[in-house]
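Each residue of the sequence shown is one higher than the one before, counting from 1 in the UniProt record's numbering. Backbone N, C-alpha and C fix where the C-beta goes; we use that ideal spot for every residue, glycine too. Here the structure is a predicted model, which means the values were calculated and not measured. Here's the structure, in C-alpha cells; my notes come after.
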Amino acid sequence: MKDTRRTRAIMGLLLAMALVLMTVDSRTGEGSPLGLLKGAGTTVFGAAEQVGADMVRPVTRFVTALVDAPGAQRRMETLARENERLRQDLAAQTLDRSRSEQLRGLLSTAGTGGYTIVPAHVIARRGVPGFEEAVELDVGESDGVRPDMTVLSGAGLVGRVIRVGPSTSTVLLISDLGSATGGRLEGSDEIGVVSGAGEQGRLLHFRLLDSTAPLAPGQRIVSFGSHRGAPYVAGVPIAVIERVEATPGELTRIAYARPYADLTALDVVGVVVRQPPRDPRDAVLPPAQGKKGGPDDRP
Numbered sequence: 001m002k003d004t005r006r007t008r009a010i011m012g013l014l015l016a017m018a019l020v021l022m023t024v025d026s027r028t029g030e031g032s033p034l035g036l037l038k039g040a041g042t043t044v045f046g047a048a049e050q051v052g053a054d055m056v057r058p059v060t061r062f063v064t065a066l067v068d069a070p071g072a073q074r075r076m077e078t079l080a081r082e083n084e085r086l087r088q089d090l091a092a093q094t095l096d097r098s099r100s101e102q103l104r105g106l107l108s109t110a111g112t113g114g115y116t117i118v119p120a121h122v123i124a125r126r127g128v129p130g131f132e133e134a135v136e137l138d139v140g141e142s143d144g145v146r147p148d149m150t151v152l153s154g155a156g157l158v159g160r161v162i163r164v165g166p167s168t169s170t171v172l173l174i175s176d177l178g179s180a181t182g183g184r185l186e187g188s189d190e191i192g193v194v195s196g197a198g199e200q201g202r203l204l205h206f207r208l209l210d211s212t213a214p215l216a217p218g219q220r221i222v223s224f225g226s227h228r229g230a231p232y233v234a235g236v237p238i239a240v241i242e243r244v245e246a247t248p249g250e251l252t253r254i255a256y257a258r259p260y261a262d263l264t265a266l267d268v269v270g271v272v273v274r275q276p277p278r279d280p281r282d283a284v285l286p287p288a289q290g291k292k293g294g295p296d297d298r299p
C-alpha cells in the first residue's frame, strides 16, 4: 500500500473509531452494545483453544512419559530388588526355623541316648564308587570326625561315615543296597540285619537271624550296636515294620520297614563321636501309640 495522503486519512479514521468503541465499552460495562460481539468472539476463540488443547494434550503426555521413563524404570527395578530381598529373607527365616527345630530334636535324641555328637549340615547328596546312597557333611577331621562313626538325625539312624576330609565327610546311608546294619526288635533280644530295599530310602529290608521268631507289622527296630560302637552305636531308632513277606525257597522271612529318619530330605544331622557308657536299649524310641509305633511318632 502506497503511503498517500488518502491512506493516512483512512488509518487515522480507523484509529479514532477504535478509541471511541473502547471508551464506550469501558464506560457502559456489562450493558455494552459490544457484548454480543465479544461473546461471539469468545465462543469462537474458546472452541478453537479447546480443540488445540485436545490435540496437544496426547503429545504432551507422550513427551512427559518419555522424559519420566528412565526414572520409572529405576523405580521398578528398585521395587523388584526389594521384593526379591524380602522373599530371600522370608526363605532364610523359614529355613532357620526349620533347622532350629531339627537341631532341638537332634540334641534331645542325643541326650536321651547319652551320645556325644558333632552337629552337621548335609551339603550335598552324591554317589561314591561302589555305593549310590551317600551324602556329604560340612564337618571333617578338624571337627573330630573319623571313619566308621554313626550318623543320626533327631528322628533316627541315618548311616555311617565312610570318608573324611579336613572339613567335610561322606556318609553312607542305611538305604543303600550295599549297607548292612545290625538291628534288634524292641522289647526283645531278637536281632537281624537291616539293609536298603532299593526304594530311594522309603523302605528298608529287615531279616531276622531266627526264622522262627515272631515278626509282624508294627514292631519297631533299634540299632543293635557294633564292637566299641563302630560303625554303629546301640539303641538308635531305625524303622518300624510295615509288612512281612515269605522268601520263596527259604525258611526266613523279609520284613519291609519304614525308616524313622527321612533319608530323602536330610539337613541337620549329628555324628556320634563318643558312644554312651551303657546300651540305652529302647529308651530313645518315641512313645508308642498303643501296641504299635511308627515314624509318625517321632519326638
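Euclidean distance between Cα positions of residue i and residue j
i	j	result
V191	P214	Before going further, note that residue 191 is Ile rather than Val in the sequence given. If I take the Cα positions, the gap works out to 12 Å.
V244	A257	9 Å
A234	N83	49 Å
Q102	S153	8 Å
H182	P217	Position check: residue 182 holds Gly in this sequence, whereas His was assumed. Rounded to the nearest angstrom, the two C-alpha atoms are 19 Å apart.
Y232	Q219	21 Å
S188	R81	60 Å
Y260	L266	12 Å
V284	V145	23 Å
G201	G127	14 Å
Q275	D262	23 Å
Y115	T212	34 Å
P147	A230	9 Å
Nearest-angstrom beta carbon gap, residue j and residue i [assumed within contact, 8 Å]
i	j	result
L137	P237	Contact flag wrong, Cβ pair sits at about 20 Å.
A239	I221	5 Å
I174	L204	7 Å
Residue i, buried or exposed, once every other Cβ within 10 Å from all chains shown has been counted against 16
i	result
T78	exposed
L177	exposed
I123	exposed
T7	exposed
R97	exposed
residue 301	No answer is possible for residue 301: it lies beyond the span of the chain, which begins at 1 and ends at 299.
S179	buried
S108	exposed
G76	It should be pointed out that residue 76 corresponds to Met in this sequence rather than to Gly. The residue is exposed, with fewer than 16 neighbouring Cβ atoms inside 10 Å.
G270	buried
A155	buried
P286	buried
A246	exposed
residue 335	Because residue 335 is not part of the residues shown, which for the chain are 1 to 299, the question remains open.
R184	buried
Reduced DSSP category for residue i - H, G, I as helix; E, B as strand; rest coil
i	result
G183	strand
P237	strand
P217	coil
S226	coil
L106	helix
A80	helix
R278	coil
P286	coil
G140	coil
R99	helix
G270	strand
G113	helix
K70	The sequence given here has Pro at residue 70, not Lys. It is helical.
T264	coil
T170	strand
R146	coil
R258	strand
R202	coil
The ligand ZN heavy atom lying under 7 Å from the CB of residue i
i	result
Y256	Summarising the ligand content, the structure contains no ligands, and the ligand ZN is consequently not present.
Cβ pair count under 8 Å reaching 3, the region 158-174 against the region 205-212 | no
Spell out a yes or no on whether the region 225-237 and the region 127-143 are touching, meaning 3 or more CB-CB pairs, one atom from each, closer than 8 Å.
-> no
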